[in-house]
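**Q** Below is the structure I would like to discuss, written out as structure tokens.
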Amino acid sequence: MKIIFATQNKGKAAEVKAIFANSSIVIISLYDLGNNIDIEEHGTTFRENAFIKAKAVYDIYREPVMADDSGLSIEQLDGRPGVYSARYSGENCTYEDNNLKVIDELKEFSEPHTAKFISYAVYYDGKNEIEAIGELPGKIIKEQRGTNGFGYDPIFIPDGYEKTISELDFKLKNEISHRVRSFNQLKNKLI
Ligand code: ITT
């Protein structure tokens, strides 16, 4: 079975391809299709945005689609950046801009800065809707460390580890991440 993964994020695409490797499902990314569509994520929840992405891409290809809306929720910031994780410091911001903004906003709070990553993964084929949530608890540190991964990975230490996700290797991230937790549930429901 072939499923299009509706993301423009190459980090996410690599993670989801690895999750479905050795299964009967073949993941085709928008990048593989040469499609750089910019979908406006006007929802106010991860769930809404995930279905907005999946349905926008389904409307183009009329083939089964999966999408993920994800982000970081920091307790002391009342859940921010949340659904605004990708553009937390403005349109066209970089991952580094966002990390520095979070570090700056946390300066007035004492440690630990408890946080979690959330992934809301959905499947849509024009008829059936399947959804699953995955979370990864951890804490935010005051500096960026490491080069692997993407987004907030350089400032996030998962519970039970001493290193940021960017200092851990890709294989390990894909054993513990919010995304592997949500997409494994989708995989089990689909196969
Ligand atoms: P698509 O919408 O095209 O999938 P995106 O990067 O815009 O790509 P989201 O709208 O779901 O994806 O925003 C997710 C943001 O949350 C992402 O840009 C990162 O800033 C952050 N994020 C999500 N998962 C992450 C992870 O595994 N590691 C680090 N940061 C993550």
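Sequential numbering of the sequence shown, starting at 6, is according to my numbering. Backbone N, C-alpha and C define an ideal beta-carbon position, used for all residues, glycine too.
In the DSSP output, what is Y128 paired with across the bridge?
**A** Answer is M71 and I135, bridged to Y128.
**Q** Is the segment 68-81 touching the segment 114-132, taking contact as three or more C-beta pairs under 8 Å?
**A** Cβ pair count under 8 Å is three or more, so yes.
**Q** Do S75 and the ligand ZN come close, with the Cβ less than 7 Å from some heavy atom?
**A** No copy of the ligand ZN occurs in the structure displayed; its ligands are the ligand ITT alone.
**Q** Where A11 and N189 are concerned, what is the direct C-alpha to C-alpha distance, given to the nearest angstrom?
**A** One C-alpha to the other measures close to 17 Å.
**Q** Report the rounded CA-to-CA distance for A19 versus F114, giving the unit in angstroms.
**A** The straight-line gap from Cα to Cα measures roughly 35 Å.
**Q** Under the rule that 16 or more other beta-carbon atoms within 10 Å means buried, what is R184, buried or exposed?
**A** Per the 10 Å Cβ criterion, buried.
**Q** For F175, which residues of its own chain have a beta-carbon under 7 Å away from its beta-carbon, when the five flanking residues on both sides are left out?
**A** The answer, listed in chain order, is N153.
**Q** Since Y125 and F51 should fall inside the 8 Å C-beta cutoff, what is the C-beta to C-beta distance between them, to a whole number of angstroms?
**A** The Cβ separation is near 4 Å, so the contact holds.
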